[in-house]
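Below is one structure, written out as structure tokens; the observations come after it.
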Amino acid sequence: MRATAAEGPAGTAATPAPADVLVRIEDVTKRFGSFTAVSGVSLDIRRGEIFGLLGGSGCGKTTLLRMLAGFEEPSAGRILLDGQDMAGVPPYARPIHMMFQSYALFPHMTVERNIGYGLKHERMTEAQRRDRVREMLDLVQLAPFAGRKPHQISGGQRQRVALARALARQPKLLLLDEPLAALDKKLREATQFELMNIQARTGVTFVVVTHDQDEAMTLSDRIAVMDKGRVMQVGSPTEIYEYPTSRFTAGFIGMATFFEGRVQGVDGPSLRIDLPETGTVIEARAAAGLAAGQAVTVALRPEKIAISRDRPAAANAVEGTVQDLGYFGKDSLYRIRLATGKLVLVHAVNARRTGADGRVADWEDRVWLSFDPEAAIVLAE
Ligand SMILES: Nc1ncnc2c1ncn2[C@@H]1O[C@H](COP(=O)(O)OP(=O)(O)OP(=O)(O)O)[C@@H](O)[C@H]1O
Ligand SMILES: [Mg+2]
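Each residue of the sequence shown is one higher than the one before, counting from 8 in this note's numbering.
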């Protein structure tokens, strides 16, 4: 995740001053016939940030980008860029560039000509054009490959050519639809950092669509999580991961075990929640709007749960048996079966070298699970 300017606690990030907002999306809906692809989306995209759009296939990510770029008009709502309503402004007249999933490089053109292609309709002299292409080649570190054709360079290099072509026209906003999808896992990871680097050097605002949560977390200053055409949550990667506001977001980003429960009582800063699936009443942190009697879902991240052989002196502890374990060398992932039959995911770092390996427990072992009140994510749904 990228270092960002300080934000308030979960859900309280201050509304940015209008000057910080490059794009304002106001209650935008897109219908295709009777089907609603994007439903009542409101978002602010800030100047100079990498904004991640994350969600499963068909949730409306590309449709939202196409409306920003002007390839589709919203059925309802408004899109403002620098305060100007984009309604009726054609794609070529918007200071926005959209980089499609398949970068569509011209196979018969050299890297240099591919990058320069985007400048064809710009009003500039031949010398200015050459300078801009040089500058872009340097930016993406492809000057030595300027004379090659796309098939003579690697997948990652092709991705950088597409990026250079997109940036050559100096857009205010660059929309990238699954920019790394064509790359294998290792190259993707390296290219993520390059992308961040190039964004930082140009200062251009990026909106990056991905369905890969790790990629969104790594790249983005802020993320919007989408489901079925709706934005479920907007926040920094930390806010989204540590303070999800819905079961969908908690389950979509990272792993979690979910428990159905009911608030038993509120004592100042702490909350007692009856979780029948654990056979216990747990302690959690009080949150606004939660009162005794309320039905809640509690989500626990695997790495927030400690596993031990002996009963720990923790606020929340429950006993179980190791049902499954995956040993990955530096860490292990356990599935613990509680007395109620509920399975709980637990992640443990194998810090010590004990026995054949460093794991805390083996199949069928009796163990204790414990977690802090702060670790329980309490969802009022
Ligand atoms: N022109 C169209 N006519 C009718 N339905 C459409 C049209 N374009 C998109 N849709 C539908 O709208 C929904 C959202 O599509 P969209 O392409 O925005 O999804 P996505 O989030 O980009 O998915 P993916 O991750 O698979 O690319 C899908 O159900 C899709 O079938
Ligand atoms: Mg798409």
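Here a beta-carbon is modelled for each residue, glycine too, at the ideal position from N, C-alpha and C.
Would the beta-carbon of residue i be found less than 7 angstroms away from any heavy atom of ligand 2?
i: Thr225; result: no
i: Thr217; result: no
i: Thr69; result: yes
i: Asp184; result: yes
Taking the alpha carbon of residue i as the point to measure from, which residue in the options has its own alpha carbon closest?
i: Glu142; options: Ile122, Ile160, Ala223 and Gly95; result: Ile122
i: Asp89; options: Phe42, Ala26 and Ile289; result: Ala26
i: Ala291; options: Gly261, Ala324 and Ile314; result: Ala324
i: Pro186; options: Asp379, Phe107, Val367 and Gly336; result: Phe107
i: Glu246; options: Phe266, Gly65 and Ile230; result: Ile230
i: Arg101; options: Pro319, Lys179, Gln301 and Thr198; result: Lys179
i: Val288; options: Gly275, Phe266, Pro276 and Gly210; result: Phe266
i: Arg155; options: Val28, Val216 and Leu112; result: Leu112
i: Val303; options: Ile384, Lys37 and Thr36; result: Ile384
i: Lys68; options: Gln330, Val45, Arg130 and Ala368; result: Val45
i: Arg53; options: Phe152, Leu181, Leu144 and Gly336; result: Leu181
i: Thr3; options: Ala293, Ala382 and Asp372; result: Residue coverage of the chain in this structure runs from 8 to 388, which leaves residue 3 outside it and unanswerable.
i: Gln301; options: Leu282, Asp51, Ala223 and Gln220; result: Leu282
i: Gly62; options: Ala263, Phe335, Ile312 and Gly258; result: Gly258
i: Arg176; options: Asp92, Gly275 and Arg130; result: Arg130
i: Glu249; options: Ile160, Arg208, Gly275 and Pro309; result: Pro309
i: Ile32; options: Asp51, Thr43 and Glu80; result: Asp51
Return the Cβ separation of residue i and residue j in integer angstroms, given the expectation that the two are a contact with Cβ distance under 8 angstroms.
i: Arg165; j: Tyr124; result: That belief does not hold up - the Cβ atoms of Arg165 and Tyr124 are roughly 14 angstroms apart, past 8 angstroms.
i: Ile260; j: Val232; result: 7 angstroms
i: Gly162; j: Leu190; result: 5 angstroms
i: Gly77; j: Val96; result: 6 angstroms
i: Gly210; j: Gly55; result: 5 angstroms
i: Asp234; j: Phe255; result: 5 angstroms
i: Lys337; j: Val356; result: 7 angstroms
i: Val35; j: Ile86; result: 6 angstroms
i: Val273; j: Ile205; result: Their Cβ separation, rounded to whole angstroms, is 49 angstroms, which puts Val273 and Ile205 out of contact at 8 angstroms.
i: Arg139; j: Leu126; result: 6 angstroms
Where do the ends of the beta strand (DSSP E) carrying residue i lie?
i: Val28; result: Val28 to Phe39
i: Phe200; result: That residue, Phe200, is in no beta strand (DSSP E); its alpha helix (DSSP H) goes Lys192 to Thr209.
i: Arg120; result: Careful: Arg120 lies outside any beta strand (DSSP E), inside the alpha helix (DSSP H) at Val118 to Tyr124.
i: Ile384; result: Ile384 to Leu386
i: Asp51; result: Phe42 to Arg53
i: Tyr341; result: Asp338 to Leu345
i: Glu80; result: Unbroken run through Glu80: none, as it is neither H nor E.
i: Phe107; result: Where Phe107 is concerned, there is no enclosing beta strand (DSSP E), given that its DSSP letter is neither H nor E.
i: Val356; result: Leu350 to Val356
i: Arg318; result: From DSSP, Arg318 is part of no beta strand (DSSP E); its letter is neither H nor E.
i: Asp281; result: Ser277 to Leu282
Do residue i and residue j have their C-beta atoms within less than 8 angstroms of each other?
i: Leu352; j: Leu340; result: yes
i: Leu75; j: Leu60; result: no
i: Gln240; j: Ser253; result: yes
i: Val305; j: Ile343; result: no
i: Asp317; j: Trp375; result: yes
i: Val7; j: Val168; result: The chain is shown only over 8 to 388; residue 7 falls outside these bounds and no answer can be derived.
i: Pro319; j: Ser377; result: yes
i: Leu307; j: Ala387; result: no
i: Gly65; j: Arg237; result: no
i: Ala299; j: Val270; result: yes
i: Ser315; j: Pro380; result: no
i: Ala188; j: Leu144; result: no
i: Ser82; j: Arg120; result: no
i: Pro114; j: Pro157; result: yes
i: Leu29; j: Thr198; result: no
For ligand 1, any of its heavy atoms closer than 7 angstroms to the Cβ of residue i?
i: Ala44; result: yes
i: Gly59; result: no
i: Gly47; result: no
i: Gly65; result: yes
i: Phe255; result: no
i: Gly261; result: no
i: Gly84; result: no
i: Phe39; result: yes
i: Gly286; result: no
i: Gly77; result: no
i: Gly62; result: yes
Locate the alpha helix (DSSP H) running through residue i, then write down its first and last residues.
i: Met74; result: Lys68 to Ala76
i: Gly163; result: Gly162 to Ala175
i: Ile247; result: Pro244 to Glu249
i: Met93; result: Looking at the DSSP string, Met93 is not in any alpha helix (DSSP H), and its letter there is neither H nor E.
i: Leu332; result: Here Leu332 belongs to no alpha helix (DSSP H); instead the beta strand (DSSP E) covers Asn323 to Tyr334.
i: Phe259; result: Arg254 to Phe259
i: Thr217; result: Looking at the DSSP string, Thr217 is not in any alpha helix (DSSP H); the run it does join, the beta strand (DSSP E), is Thr212 to Thr217.
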